[in-house]
Each structure stands twice: as structure tokens, then as C-alpha cells.
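First comes the structure, then the notes that go with it.
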Amino acid sequence: MATGLPAEGTCQVWWTPAARPDDPALLALLGAGERRRHATFGDPRGRAAYLTARAVTRLVLAGMLGTPAPELGFEAVCRQCGGPHGKPVLRSPPAPVEFSVSHSGRWCVVAFAARTEIGVDVERIALRGDTLPLRALAPAERATATGPGVRDRTAAFIRYWTRKEALLKATGDGLSVDPATITVTGPDQPAALLRWDNTSTPADTPHLTDLVAPTGYAAALAGLGRPLVVSYHDGGALLRKGI
Ligand SMILES: CC(C)(COP(=O)(O)OP(=O)(O)OC[C@H]1O[C@@H](n2cnc3c(N)ncnc32)[C@H](O)[C@@H]1OP(=O)(O)O)[C@@H](O)C(=O)NCCC(=O)NCCS
38 MATGLPAEGT CQVWWTPAAR PDDPALLALL GAGERRRHAT FGDPRGRAAY LTARAVTRLV
98 LAGMLGTPAP ELGFEAVCRQ CGGPHGKPVL RSPPAPVEFS VSHSGRWCVV AFAARTEIGV
158 DVERIALRGD TLPLRALAPA ERATATGPGV RDRTAAFIRY WTRKEALLKA TGDGLSVDPA
218 TITVTGPDQP AALLRWDNTS TPADTPHLTD LVAPTGYAAA LAGLGRPLVV SYHDGGALLR
278 KGI
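Residues are numbered in this note's numbering as their position in the sequence shown, beginning at 1, plus a constant of 37.
Listed below in C-alpha cells is the structure:
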């Protein structure tokens with residue numbers, strides 16, 4: 038029986054540790070296009086993250102809508118070029134539910150809300166290269182992240198980054214918009230947007246929330262047009278139960 042969509046003004050956040058990269062039971066939940074994309078990841082960690090996020094997305098939506106997971110249809114049209122690599126949306130069956138996906142390290146997070154554009158981002162709190170890519174920060178953010186009051190610059194940078202990427206995923210712009218053109222509150226302050234200085238200003242007011250994330254990770258959620266009350270769910274248990 039279908040559980041129905043999340044209540045308006047709420048958001049379900051499903052955390053899931055990455056499953057086995059080629060789990061046949063999870064692959065059976067995917068569509069043909071997703072299975073082809075899964076096969077293109079040479080790195081097993083990339084295959085695992087992609088497969089886990091897609092399987093959880095399908096199982097949660099299947100539970101909400103009462104449609105078998107493999108029968109759901111998605112589209113991901115790029116806002117820049119019209120190619121099939123933009124923000125994913127549910128097309129079939131049509132339903133006013135939005136979702137957003139992110140993976141980092143061994144964790145995947147998928148967020149769901151009704152009638153509200155959302156974006157979610159998770160990042161492991163670790164340096165990727167030798168230095169922090171501070172050019173992604175707006176001048177005021179850069180000054181804070183490198184200032185004397187910050188004990189852990191990497192953690193501060195990742196906090197900024199997750200908030201900005203969540204916003205850009207909610208609008209569907211992704212990194213085609215320079216994150217440095219967005220200013221958010223400092224890492225020790227409640228998450229909020231301060232300035233949006235690029236051409237794609239969202240029509241609906243963006244609201245930001247830091248999410249409770251696994252140890253060693255930071256995550257943020259953006260909702261356009263309204264603040265969202267978050268509930269947390271165990272995607273690992275869903276995968277074990279749902280397949
Ligand atoms: C979306 C984006 C910010 C994700 O960055 P990331 O930190 O590497 O990855 P995350 O794990 O946080 O998120 C990946 C997920 O975001 C989603 N996504 C992809 N494009 C998106 C967009 N434009 N808006 C919102 N979500 C998007 C997908 O679900 C993707 O998961 P999948 O690869 O399993 O399908 C980045 O890949 C991006 O900006 N891509 C688009 C760049 C662009 O528009 N280029 C122009 C091409 S013409």
C-alpha cells in the first residue's frame with residue numbers, strides 16, 4: 038500500500054551507506070539507461086554510490102506512490118544544453134514530489150519533498166587536493182574561512198561548500214553557476230543565504246538547513262519557497278527490506 042507523499046512543508050532525508058557496487062538485486066530495480074550508466078563507472082566506489090542512490094530513490098518513491106520501483110520513469114534535462122545530465126525529476130507516474138541526490142565517500146543521501154524544489158549535498162570533511170579551493174567562496178566567506186577565529190579550515194570550507202551546492206542543486210543550476218557568486222552565513226551560524234549575485238536568481242526564496250550527517254561528513258539541504266521540517270530515515274534498512 039502506498040504511504041503517500043511527504044506532508045507539505047516537510048522533507049524526508051534518507052541516509053544510506055554505499056552497497057556492493059554490482060549488487061544484482063539492486064541492479065534489478067534500475068531502468069535500462071541507469072544500468073548502462075552504472076556500467077560506465079570504472080571505479081567500484083563510483084558504481085556503488087550511483088547504484089545505492091538510484092536504488093534508494095526508486096524504493097522510497099515506490100513506497101510513496103505504490104508503483105513498483107523498476108516501473109518509475111525519470112528525466113534529467115540539463116538547463117544549459119538540454120542534454121540528459123541535469124537535475125533528475127520523476128516523470129512517470131506524474132506526481133508532485135521532488136527529490137535530490139548526493140554521495141560522498143561511503144555515504145549517499147537522498148531528500149524528498151512535495152511541491153517544493155529541493156537540493157541536498159553531502160561532503161566528507163577532508164581535503165581533496167593539496168589546498169582548499171577557496172576560489173569557490175565569496176570574498177566574505179573566504180575571509181572567515183581563513184581568519185584567525187577558525188580552528189579547522191577544511192571543516193569550515195566544507196560547511197560553506199555543502200550549503201552553496203545544496204542551493205545550486207535546488208535551482209538545478211549545479212556548478213554551471215559559480216558558487217563564489219553566492220554568499221551564505223558563516224560555518225558557526227545557522228545556515229542561511231545572504232547574497233545571490235548571479236543571473237539565475239531563484240524566483241522563490243531559498244531556505245537552507247544544515248543536516249545531521251554521519252561522523253566525518255557535513256551536509257546541507259536547500260528548499261525553494263519555504264522552510265522545511267526534516268525527518269531522517271534509514272536507507273540501509275530500506276534496501277535490506279525492499280529487495
Ligand atoms: C550537480 C553537481 C553540482 C553535483 O556535484 P557532485 O558534488 O559531484 O555530486 P553529488 O554527489 O553531490 O550529486 C550528484 C547528483 O546530483 C544530481 N544532479 C546532477 N545534475 C544536477 C543539477 N543540475 N541540479 C541538481 N542536481 C543534479 C544527480 O542526481 C547526481 O547523481 P547521479 O550522478 O547519481 O545521477 C555537479 O555535477 C554539476 O554541477 N553538474 C552540472 C554541470 C553543468 O551543468 N554543466 C553544463 C553541462 S552542458
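Note that beta-carbon positions come from the ideal geometry of N, C-alpha and C, so glycine has one too.
Write down the C-beta distance between residue i and residue j rounded to the nearest angstrom, noting that I regard them as a contact closer than 8 Å.
| i | j | result |
| --- | --- | --- |
| residue 258 | residue 242 | With 8 Å as the limit, residue 258 and residue 242 do not qualify as a contact, their Cβ atoms being about 15 Å apart. |
| residue 163 | residue 171 | That pair is no contact at about 16 Å. |
| residue 147 | residue 93 | 5 Å |
| residue 196 | residue 255 | 5 Å |
| residue 266 | residue 47 | 5 Å |
| residue 66 | residue 106 | 5 Å |
| residue 239 | residue 173 | So it is not a contact: roughly 19 Å between Cβ atoms. |
| residue 88 | residue 109 | So it is not a contact: roughly 15 Å between Cβ atoms. |
| residue 85 | residue 128 | 26 Å between Cβ atoms; not a contact. |
Any idea if residue i is buried or exposed, counting beta-carbon neighbours within 10 angstroms, 16 or more meaning buried?
| i | result |
| --- | --- |
| residue 43 | buried |
| residue 82 | exposed |
| residue 269 | exposed |
| residue 117 | exposed |
| residue 131 | exposed |
| residue 134 | buried |
| residue 226 | exposed |
| residue 101 | buried |
Under 7 Å from any heavy atom of ligand 1, does the C-beta of residue i make it?
| i | result |
| --- | --- |
| residue 156 | yes |
| residue 237 | no |
| residue 261 | no |
| residue 112 | no |
| residue 221 | no |
| residue 205 | yes |
| residue 97 | no |
| residue 276 | no |
| residue 202 | yes |
| residue 118 | yes |
| residue 127 | no |
| residue 212 | yes |
| residue 138 | yes |
| residue 48 | no |
| residue 272 | no |
| residue 92 | no |
| residue 269 | no |
With DSSP run on the structure shown, which of helix, strand or coil describes residue i?
| i | result |
| --- | --- |
| residue 153 | coil |
| residue 256 | strand |
| residue 141 | strand |
| residue 217 | helix |
| residue 88 | helix |
| residue 110 | strand |
| residue 243 | strand |
| residue 45 | coil |
| residue 127 | strand |
Evaluate the contact criterion for the stretch 224–238 versus the stretch 124–144: three or more CB pairs, one atom per stretch, below 8 Å. no
Inter-stretch contact at 8 Å, needing at least 3 Cβ pairs: the stretch 268–279 / the stretch 46–54: yes
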